[in-house]
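Visitor: Sharing a structure below in structure tokens format, with a few things to ask.
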Amino acid sequence: MGSIGEINGDELVLDVDETIFVAVAEDVERSKTTVLWAARNFSGKKICLLYVHRPARPASWTHKKLAGGTFRKNAVKVIERVDKQKVDEIMNSYLHLLSETEVQTDKLCIAGQNIEEGIVELIARHNIKWLVMGAASDKHYSWRMTDLKSKKALFVCKKAPDSCHIWFLCKGYLIFTRATNDDSNNRQTMPPLVQLDSDNETRKSEKLESSYMRRRLRYWRSLLEQDGEKDSGQLEREKVEPQPIPSSSGSGSSFGEPVGPEPIGPELAGSDTITTSNVEEKKREGNVAREVHRYDKAMHDIGQSERTVYGEARNEKEDDSTMEALCKAKALDGLCIKELSRRKKLEELLEKEKDEVKMVIDQNNGFMKKLQMVQGDNLKLESQIRKLHDLEKEHGEKFDTAMELLKSFRQKRDQIRIDHENAIKEVNTLKRLIKGKNVESSGSEMLDYSFMEINEATNEFDPSWKLGEGKYGSVYKGNLQNLQIAVKMLPSYGSQNHFEFERRVEILSRVRHPNLVTIVGTCPESRSLIYQYIPNGSLEDCLSTENNVPALSWESRIRIASEICSALLFLHSNVPCIIHGNLKPSKILLDSNLVTKINDYGISQLIPIDGIDKSDLYVDPHYFVSGEMTLESDIYSFGMILLQLLTRRPLSGILRDVKCALENDNISAVLDNSAGDWPVARGKKLANVAIRCCKKNPLNRPDLAVILRIIDRMKSPEVPLPESSSYLNQKAPRKPPSHYLCPIFQEVMKDPLIAADGFTYEAEAIREWLANGHDTSPMTNLKMEDCNLIPNHALHLAIQDWQNQW
Ligand SMILES: Nc1ncnc2c1ncn2[C@@H]1O[C@H](COP(=O)(O)OP(=O)(O)OP(=O)(O)O)[C@@H](O)[C@H]1O
């Protein structure tokens, strides 16, 4: 049972000795007869209505969802109020019923889910001595009824404290009495039992009669059953005492006692014992048997009529009750539906509210988690910041130490640089001294430079200082010890080993000619050649129609042709012979006086490369057959340059056009007008030379010395040119090539010496120049680096050859 709480308003003071308690049901109709029975039978005693009220608490309230919360508390309060009203209504109905009986009344109400347990609890709690309650619902009643049908009645009968005397009734009839051990002692205090005045007088008389008959019958049956077992002398006449109600000894119980005083049979009244003889005995037995039979029959008839009467009455009553119940049920159904829908709405609201609350809780939890995470992160960050501060401090200290070290290293480095530069200077000085001596014997004055010097000279290979990039590497402009230089960075591939490379460079460096770019040194570390810088671009630039360079006059062109030829002849007559191998206008540089300076001579032998481009029309076509560069290859290239100087036309088809013009005796048609008015004869001559140089068969190409003679003749306008085409086979006039002449004396040199400005002078003339205190070039008027003079053996030999030829 759940909680039991008395719902009487005031503290109840009960006199249990003077009070008969009547357990009543919620339905007043059901307990009406019981209450009236008690009022009637126990007049003089106080009647206290005992009612256990089952609160109308929805089962769903026990559900977890509704446990706790303001809503539940409020709802409980409302329900309790409604319950209390209901209890009051019920009690008022009972009290109203009893008000007609003039008995003193009271009420004892409690709330509880289990009614029978509530009754037992109240009995025990208040030490109740007298209790009247229903044995079963009225519909179970029959005149034979002797058992308790109601579960509540059975429970109370079994569990109620033994000290309580209980009368169980059905339909106003006492069905069973549960007496107490003390009943015999209490007999004097036991309340007098008065017959209930039933509603229906007819039924009452019938009930009384049938009850009386049953009693009598049972008496006689017991007599028959006890026959033989009991001594006739001991056989006691049964006494049926009308008042007070019979009580059984010990804990035994009596069943089926009729309500109210029963008349004792006349034959039994007043006889305490029966004395018998055999005859009387037999006679009496016969009488008894007859009497039994007669009463059995009567009982049967009575039972029959009783059942008929009660059956009808019951049916009528049941019909009414059923209708009433149906109406109530219907009304209750309506209420129930309303209640259910209200409950459903409330539950939905509650669910919604719960969902919202849950959402808020979830959000809150989420925020809390995030907060915790953030707090955790914060702690981590703080510790990281602390670590970083420590690290910063540590690094700061390390940085200071490193800076100190760096400073000292810089100082050391600067010192080492100074030492290194001084050392290099010393080495170079020594080298120059050694070479100066060697020059006496070998004629070479080439110097080696360190990479650092080259790096410094080219401003760390500043891209803006880059002059160009050819197939033999990049060329940078530079400034080396106040000398303008061009550094050609040769590729490391396809070359000979270091010594072979140095040997060949040595050969090239020994070559000195006014129309060759002088090699002033080398940097073995970076495999680069250091040339004298020529400031005025190349012949390619001058012949290009794209550049905005003033066109060369035909005189300059003839001079340039002569200078190229002279330089080539010089290279070819060098020992060992030097083949240019890559002659073309871009290799013909021009100085500020438009003096020709052939560049890159001998590089093809220094860095042999695979696969020269066939589209390069300056390359001897025979090279692509033989795979070998020869002196004739250079003559072919020179022929192509002559054609360019004459016509300034694109190379493709140039040979065919010039040939055609010659054949048509219309050379003027192909000559470059921008060069001025070409003397046609000279133009023709030069064109013929060019075509011969470009002969497919290298053997058919003319000798350079012959070509030089022809071209040189063209330079002097006073010298008449032979008209014959066979002049190439004739001896040239004895006018020396210009480069055979000393620039100072203007005579063919006998002892040519190369000065620091790259020009070759007659020994006597240049020495005198220097002796007179000059430190500038007689040609350029620029300051010369030094006053060293190197014999130009190659030129000397060439002059000798020339002199021998004439
Ligand atoms: N001594 C120098 N003085 C001034 N300019 C130079 C000198 N040497 C080379 N140059 C410039 O550098 C450029 C590149 O020269 P480089 O000889 O490497 O290539 P290229 O002649 O154009 O082609 P390739 O060598 O592939 O046939 C030349 O066009 C020239 O303008």
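At position 226 of the sequence shown the residue is numbered 226 (UniProt numbering), and the sequence of numbers has no breaks.
Using N, Cα and C, we set each Cβ at its ideal position, and we do this for glycine too.
This structure is a prediction, so every number in the text was calculated from the model and none was measured.
1) Leaving out the 5 sequence neighbours to the left and right, which residues in its chain are closer than 7 Å to GLY473 when beta-carbon positions are compared?
2) Indicate the three-state DSSP secondary structure (helix, strand or coil) for LEU671 in the structure shown.
3) Compute the Euclidean distance between the alpha carbons of ILE166 and VAL87, then round it to the nearest angstrom.
4) Among residues of its own chain, excluding the 5 on either side of MET91, which ones have a beta-carbon nearer than 8 Å to its beta-carbon?
5) Could you tell me the alpha carbon to alpha carbon distance between LEU97 and LYS32, rounded to whole angstroms?
6) Here's the rule I'm using: 16 or more other beta-carbon atoms within 10 Å means buried, otherwise exposed. How should LEU532 be labelled?
7) State the Cα-Cα distance for the pair GLU718 and PRO736, rounded to the nearest angstrom.
8) How far does the alpha helix (DSSP H) with MET452 in it extend, from its first residue to its last?
9) What span of residues does the beta strand (DSSP E) with MET711 cover, start to end?
10) Pull up the distance between the alpha-carbon of PRO550 and that of ASP620, whole angstroms please.
11) By the three-class DSSP mapping on this structure, what secondary structure does ILE607 have?
12) Compute the Euclidean distance between the alpha carbons of GLN644 and ILE635, then round it to the nearest angstrom.
13) Which partner residues of TYR51 appear in the DSSP bridge assignment?
14) Out of curiosity, what's the CA-to-CA distance linking ARG144 and LEU36?
15) Please find out if some non-hydrogen atom of ligand 1 comes closer than 7 Å to the beta-carbon of LYS614.
16) Looking at LEU753: is its Cβ nearer than 8 Å to the Cβ of ALA687?
17) Quick check: the Cα distance between ARG682 and MET714, rounded to an integer number of angstroms?
18) Which class does HIS739 belong to by DSSP, given the choice of helix, strand or coil?
19) Tell me, please, whether the stretch 569-582 touches the stretch 796-803 by the rule of three or more beta-carbon pairs shorter than 8 Å.
20) Label ASP162 either buried or exposed according to how many other C-beta atoms from any shown protein chain fall within 10 Å of its C-beta, with 16 as the threshold for buried.
21) For VAL595 versus GLU563, is the C-beta spacing smaller than 8 Å?
22) TYR636 by DSSP, collapsed to three states: which one?
23) What is the rounded straight-line gap between the Cα of HIS513 and the Cα of GLY758?
24) Restricting to Cα atoms, I'd like to know which of LYS139, ASN582, GLY134, ASP138 is closest to THR177.
25) Hey, quick one: how far does the alpha helix (DSSP H) through TRP37 stretch, first residue to last?
26) Pairing CB atoms from the stretch 479-487 with CB atoms from the stretch 766-773, are three or more of them under 8 Å?
27) Taking the beta carbon of ASN666 as the centre, do at least 16 other beta carbons fall within 10 Å, making it buried, or is it exposed?
28) Between which two residues does the beta strand (DSSP E) holding HIS165 run?
29) Measuring only the C-alpha atoms, how far is THR19 from LEU95?
30) Compute the Euclidean distance between the alpha carbons of residue 808 and VAL357, then round it to the nearest angstrom.
31) Identify, in the order they occur along the chain, each residue of the same chain with its Cβ nearer than 8 Å to the Cβ of residue 813, setting aside the five sequence neighbours on each side.
32) Which runs of the alpha helix (DSSP H) at least 4 residues long sit entirely within the stretch 73-159? Give them in chain order.
33) Out of ASN664, SER637, GLU502, ALA38, which has the shortest C-alpha to C-alpha gap to LYS684?
34) So which of THR146, SER150, ARG30, GLY537 has the shortest CA-CA distance to LYS171?
35) Is GLU469 near ligand 1, in the sense that its beta carbon is under 7 Å from a heavy atom of that ligand?
36) Could you tell me whether the Cβ atoms of ASN515 and ALA567 are closer together than 8 Å?
Guide: On the basis of the supplied data:
1) On the sequence shown, residue 473 is found 473 positions in, with the first residue counted as 1. Contacts found: LYS488, MET489, LEU490, PRO491.
2) Numbered from 1 along the sequence shown, position 671 holds the residue referred to as residue 671. Coil.
3) As a first step, residue 166 is located in the sequence shown; it is residue number 166 there, counting from the start. As a first step, residue 87 is located in the sequence shown; it is residue number 87 there, counting from the start. When rounded, the distance between both Cα atoms is 24 Å.
4) For the purposes of this step, residue 91 is identified with residue 91 of the sequence shown, where counting begins at 1. Once the five neighbours on either side are set aside, the close Cβ partners of MET91 are LEU49, TYR51, LYS107, CYS109.
5) Taking the sequence shown and counting its residues from 1, the one referred to as residue 97 is at position 97. Taking the sequence shown and counting its residues from 1, the one referred to as residue 32 is at position 32. Computed Cα separation, rounded: 8 Å.
6) As a first step, residue 532 is located in the sequence shown; it is residue number 532 there, counting from the start. Reading the sequence as shown, one finds Gln at residue 532 and not Leu. When all chains shown are included, GLN532 counts as buried.
7) On the sequence shown, residue 718 is found 718 positions in, with the first residue counted as 1. On the sequence shown, residue 736 is found 736 positions in, with the first residue counted as 1. Only weak support is given to the placement of GLU718: the predicted model assigns it a pLDDT of 49, under 50, and the value that follows is read from those uncertain coordinates. Looking at the two C-alpha atoms, the distance is approximately 15 Å.
8) For this step, residue 452 is matched to residue 452 along the sequence shown. 451-457 is the extent of the alpha helix (DSSP H) around MET452.
9) As a working mapping, residue 711 is identified with position 711 in the sequence shown. One detail in the question is off: residue 711 reads as Ile in this sequence, not Met. Looking at the DSSP string, ILE711 is not in any beta strand (DSSP E); the run it does join, the alpha helix (DSSP H), is 704-715.
10) Taking the sequence shown and counting its residues from 1, the one referred to as residue 550 is at position 550. Taking the sequence shown and counting its residues from 1, the one referred to as residue 620 is at position 620. Cα-Cα distance, rounded: 30 Å.
11) If you number the sequence shown from 1, residue 607 lands on position 607. Note: ILE607 maps to coil in three-state DSSP.
12) Reading the sequence shown from its first residue, position 644 is the one you call residue 644. Reading the sequence shown from its first residue, position 635 is the one you call residue 635. Cα-Cα distance, rounded: 14 Å.
13) Position 51 of the sequence shown holds residue 51. For TYR51, which the question treats as bridged, DSSP gives the partners CYS109.
14) In the sequence shown, the residue the question calls residue 144 occupies position 144. In the sequence shown, the residue the question calls residue 36 occupies position 36. Roughly 22 Å between the two C-alpha positions.
15) Counting from 1 along the sequence shown, the entry for residue 614 is found at position 614. Set against 7 Å, the gap from the CB of LYS614 to the closest heavy atom of ligand 1 is not smaller.
16) Along the sequence shown, one-based indexing puts residue 753 at 753. Along the sequence shown, one-based indexing puts residue 687 at 687. Their beta carbons are not under 8 Å apart, which means LEU753 does not touch ALA687 by this criterion.
17) Residue numbering aside, residue 682 sits at position 682 when the sequence shown is read from its first letter. Residue numbering aside, residue 714 sits at position 714 when the sequence shown is read from its first letter. Rounded to whole angstroms, ARG682 to MET714 spans 6 Å at the Cα level.
18) Taking the first residue of the sequence shown as 1, we reach residue 739 at position 739. Residue state, collapsed to three classes: helix.
19) yes
20) Counting from 1 along the sequence shown, the entry for residue 162 is found at position 162. ASP162 comes out exposed.
21) Taking the first residue of the sequence shown as 1, we reach residue 595 at position 595. Taking the first residue of the sequence shown as 1, we reach residue 563 at position 563. Contact flag set, yes.
22) By one-based count along the sequence shown, residue 636 stands at place 636. If DSSP states are grouped into helix, strand and coil, TYR636 belongs with the helices.
23) Counted from its first residue, the sequence shown places residue 513 at position 513. Counted from its first residue, the sequence shown places residue 758 at position 758. Spanning the two alpha carbons is a distance of roughly 7 Å.
24) For the purposes of this step, residue 177 is identified with residue 177 of the sequence shown, where counting begins at 1. When only C-alpha atoms are compared, the closest one is GLY134.
25) Taking the first residue of the sequence shown as position 1, residue 37 is located at position 37. Where TRP37 is concerned, the enclosing alpha helix (DSSP H) stretches over 28-41.
26) no
27) Residue numbering aside, residue 666 sits at position 666 when the sequence shown is read from its first letter. ASN666 comes out exposed.
28) Within the sequence shown, numbered from 1, the residue matching residue 165 stands at position 165. Per DSSP, HIS165 belongs to the beta strand (DSSP E) from 165-170.
29) If you number the sequence shown from 1, residue 19 lands on position 19. If you number the sequence shown from 1, residue 95 lands on position 95. One C-alpha to the other measures close to 15 Å.
30) There is no way to answer for residue 808, as the model of the chain reaches only from 1 to 806.
31) This structure gives no information on residue 813, because the portion of the chain shown stretches from 1 to 806.
32) 115-126, 151-159
33) One-based indexing of the sequence shown puts residue 684 at position 684. The candidate whose alpha carbon is nearest that of LYS684 is ASN664.
34) Here the question's residue 171 lines up with position 171 in the sequence shown. Comparing Cα-Cα distances from LYS171 to each of THR146, SER150, ARG30, GLY537, the minimum goes to ARG30.
35) Numbered from 1 along the sequence shown, position 469 holds the residue referred to as residue 469. Because some heavy atom of ligand 1 lies under 7 Å away, the Cβ of GLU469 counts as near it: yes.
36) Residue mapping note: residue 515 aligns to position 515 of the sequence shown, counting from 1. Residue mapping note: residue 567 aligns to position 567 of the sequence shown, counting from 1. Yes. Within cutoff.
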